[in-house]
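The next block holds one structure in the form of structure tokens; read it before the comments.
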Amino acid sequence: MGQAIGSTISLAIGVALSPLPIIAVVLMLTSERARVNGLVFVLGWLIGLAVVGTIVLLVAGSASAGEAGTPATWVGWLDVVLGLLVLRAGFRQFRGRPKKGESPDMPKWLAAVERISPVRALALAAALAAVNPKNLLLAVAAATSIAQTSIPGGQQAVAYTVFAVIATIGVAAPVVIYFALGDRAPHVLGGLKDWMAHNNAVIMAVLCLLIGVKLIGDAIGVLSS
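Read in order, the letters of the sequence shown are residues 116 to 340 in my numbering.
What follows is the structure, given as structure tokens:
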């Protein structure tokens, strides 16, 4: 199980460092429903990752992703495809980065986050975790990586749970700061939000480059074995 957990840590960090969801959480924590929406968003994020992981682990298990610890060939090709898609996403992020002196363009849905209801906060978090292309690709890659180790189903579930918890640190950190710092939280969270917004494209591009190369490297190892 240690191998399964270790193989997904970098992917979990890639999910955790998602600037826009972190910005969304910070904005929610400035609203009247800060306490409820912040906690609900974290819960929704975990639910979104859990749904993706459950589906992929079941499918990969039925498709024999690994036998006696040896990954199936199709897993290698899947890693190639996922790696190329992640690299493409990183390239698009880098091309779309704001030029010097320009303000970064933020999605229109962020403007409504401060007025969002708890139910919609839950749904938004689940969507950002499970439907957002970058996070979806990384969650699929993580679940497939766990499945290919051929460990028992219960251990696979534990390994993916560890992945999901690490992947949630990014959106959970502002909530922890909010409850821990009290009156000082707005200043700290405001600085975090501004930094994330300004560096969103670069952060995403670098993450996608590193993770895309890792996935392709893993694929080469599988296909050459």
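For every residue, glycine included, the Cβ atom is placed at its ideal position computed from N, Cα and C.
Since this is a predicted model, take the numbers as computed values, not measurements.
Just to confirm, does residue i get its C-beta within under 8 Å of one of the non-hydrogen atoms of the ligand ATP?
i: Leu225; result: Although the ligand ATP was asked about, the structure shown includes no ligands whatsoever.
Could you tell me whether the Cβ atoms of residue i and residue j are closer together than 9 Å?
i: Ala244; j: Trp310; result: no
i: Val328; j: Gly198; result: yes
i: Ile162; j: Leu237; result: yes
i: Ser265; j: Leu126; result: no
i: Ala368; j: Ile281; result: There is no way to answer for residue 368, as the model of the chain reaches only from 116 to 340.
i: Val376; j: Pro233; result: Nothing in the structure corresponds to residue 376, since the chain is present only between 116 and 340.
i: Ala316; j: Arg212; result: yes
i: Val201; j: Leu330; result: yes
i: Asn250; j: Leu142; result: no
i: Ala320; j: Gly168; result: no
Looking at C-alpha atoms only, which residue of the options is the closest neighbour of residue i?
i: Val277; options: Phe294, Ala254, Gln263; result: Ala254
i: Lys308; options: Leu325, Pro289, Leu296; result: Pro289
i: Asp298; options: Thr145, Val190, Met221; result: Thr145
i: Thr188; options: Pro136, Ser232, Gln263, Ile128; result: Gln263
i: Gly176; options: Pro301, Ile292, Phe294, Gly269; result: Gly269
i: Gly117; options: Ala149, Pro267, Ile128; result: Pro267
Near residue i, which residues of its chain fall below 6 Å by C-beta distance, leaving aside the five closest residues on each side in sequence?
i: Leu325; result: none
i: Gln271; result: Leu172, Ile261
Leaving out the 5 sequence neighbours to the left and right, which residues in its chain are closer than 7 Å to residue i when beta-carbon positions are compared?
i: Ala287; result: Val157
Starting from the C-beta of residue i, find all residues in its chain whose C-beta is less than 8 Å away, skip the five residues before and the five after it, and write them out in chain order.
i: Pro222; result: Leu135
* To do: Jot down the residue ranges of each uninterrupted alpha helix (DSSP H) in the segment 187-251, minimum 4 residues, whole runs only, in chain order.
  => 188-210, 233-245
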